[in-house]
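A short worksheet on the structure shown next.
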Amino acid sequence: MEQLKRDYKIILSNYIHNQNESNLYTGQNFIKRLIQKNVSPEEVISIHKQALEEIIEDLPESTIHAYDFLIEVMVHFGLKLKEHQSLLMKQEELRIEMEVAARIQNTLLETTIPNPENLDIGMVSVPLRKMNGDYVHFMHDHKRYLSIAVTDVVGKGVPAALCMSMVKYGLDTLEYANSNPSYVLEALNQLIEKSVDDSMFVSMCYSRYDLETDIFTWSSAGHEPPLYYDSREKVYYDLESKELLLGILPEVKYSQHDIKLNENDFIILMTDGVTDFRKQENFDPRQYIKELALSCRHLNAQEMCENIYKKLQVLHNYELEDDFTIVIIKK
Amino acid sequence: MDVNIQFRKEGNLLIGFIEGEIDTFTAPTLREELEKIHLSTEISVELDLSKVSYIDSTGLGVFVAFYKRATKENANLKLVNLSSRLTRLFEITGLSELMDIEEGGISHASI
């Protein structure tokens, strides 16, 4: 330290006598040594003050006080800066962890859209944040039945994602493509009710498609009602049910309903992120989606989903407020 | 947008007037306020939602948790003056079959 002080005094003295580039450059290079010796900013000011006192005799008292003041300020500045840097580091650690978690979630909840003969299926599922609170589970036994579960967990982000992993394992363990939708919801409800806190719940529309008879069987637990378009009558039906969300009461019975799909009929399954138009009070989002789907029903199911997603994004000024999931099945 | 709740006591009836939007960000405030309410068999709680313009699923969770606590403590709970869109939200989630809900309130409210 003493050597540093001596050297600094020489450099400073040279600069005071001659303010040329070379003397300034020597001073700038001195920083490397200060960093190597771990000298703090306030210590640098202290070294500067001492050197100045030695170089200039009769340095005014007020200047010395001003330096003392600056040293104190810099001590606090240094502390705050360290605190800030440590927060930034923590934030970076969290960001990395989130990325890892999101990657794990993507792998866990990866969905492959089945491609059966005679039935066209499309899907768009986009999370609002890194992790998705919506989930679509397909199961196709490559025989007669195909099942589709469209799920939305309360909340967003990490808590929703953790709950969703549980739902996925529940579906994996108890479900076969030919299970009755009402049975699947009853069993899942028991599992979820045991595992979540009082303010948590899951909404789900569970459906089964019989590829031999074209019967679509559905059950809903508090989920956004699906839309069914009957192409012969040219009308939409809202598949409404008033049955309870999953995870609220231990024993809940669910009903199930059948629809026979004919050529060019389609069904839209979605989460509430699709119909949530918070800022537009006098707007009927379901009616708008009905018209949108109708206007693009010449497209295949995947293109229809993408088209609807694009149009809704524009309406939301590209700022969706919730996880967004839409599935279309088309005969 | 924030949420706030004002209480008025009329004998054994506690009326809570909730105002604002209940979403992921404001739900914790409302949850804390509702948790402070002392519930018992003698108490009836009425939550007036006429000035609630929006509820998302996290907001719904706050009412579900409060309903569960009220049921456990044998207290009466009623949600009143819901807009038609709020009523619909409680209907499609099956909560209207479970909880005591009364429609009414301002027409421009939305879910």
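Chains as they are written, first to last, in the UniProt record's numbering: chain G, 1 to 331; chain R, 1 to 111.
For glycine and all other residues, C-beta sits at the position ideal for the given N, C-alpha and C.
In this structure G133(G) is buried. Its beta-carbon is surrounded by 16 or more other beta-carbon atoms within 10 angstroms. Chain R has no Cβ within less than 8 angstroms of the Cβ of I329(G).
Note on geometry: alpha-carbon atoms of Q190(G) and A149(G) lie some 17 angstroms from one another.
The beta carbon of S46(G) is closer than 7 angstroms to those of I71 in its chain, skipping five residues each way along the sequence.
A straight-line Cα-Cα distance of about 48 angstroms links T41(R) and Y209(G). Annotation: the region 171-220 of chain G contains the following complete segments of the beta strand (DSSP E) (minimum length 3 residues), in chain order: 202-210. Between the alpha carbons of G16(R) and F66(R) lies a distance of about 13 angstroms. Between the region 291-299 of chain G and the region 93-100 of chain G there are fewer than three inter-stretch CB-CB distances shorter than 8 angstroms, so the stretches are not counted as touching. Of all residues in the region 57-80 of chain R, those with a C-beta nearer than 8 angstroms to a C-beta of chain G are S57, T58, L60, G61, V62, V64, A65, K68 and R69, reading in chain order. A straight-line Cα-Cα distance of about 24 angstroms links H140(G) and I104(G). Collapsing the DSSP output to three states places H38(R) in coil.
Around K242(G), the beta-carbon contacts reaching into chain R at under 8 angstroms are E91, I92, G94, S96 and E97. Between G94(R) and G222(G), the CB-CB gap stays under 8 angstroms. When secondary structure is reduced to three states using DSSP, Q19(G) falls in the coil class, being assigned neither helix nor strand. H257(G) sits in a strand when the DSSP states are folded into three classes.
Taking the Cβ atoms as the reference, S182(G) lies roughly 4 angstroms from Q256(G), within the contact range of under 8 angstroms. Given a length threshold of 4 residues, each whole run of the alpha helix (DSSP H) inside the region 8-96 of chain G is given here in chain order: 21-36 and 41-55. Contacts with chain R (Cβ-Cβ distance below 9 angstroms) from the region 193-213 of chain G involve D197, D198, S199, M200, F201 and S203, listed in chain order.
Here P225(G) is buried. Its C-beta has 16 or more other C-beta atoms within 10 Å. The beta-carbon separation of Q50(G) and K5(G), rounded to 7 angstroms, stays under the 8 angstroms limit for a contact. R129(G) is outside the set of residues whose beta carbon lies under 8 angstroms from a beta carbon in chain R. When secondary structure is reduced to three states using DSSP, Y145(G) falls in the strand class. For the options I326(G), A301(G) and K330(G), the alpha carbon positioned closest to that of S125(G) is the one of I326(G). Among the residues facing chain R, G78(G) is not included, as its CB has no counterpart in that chain under 8 angstroms away. When beta bridges are read from the DSSP output, G273(G) appears opposite no residue.
Contact note: P225(G) reaches chain R through I92, using a C-beta cutoff of 8 angstroms and chain order.
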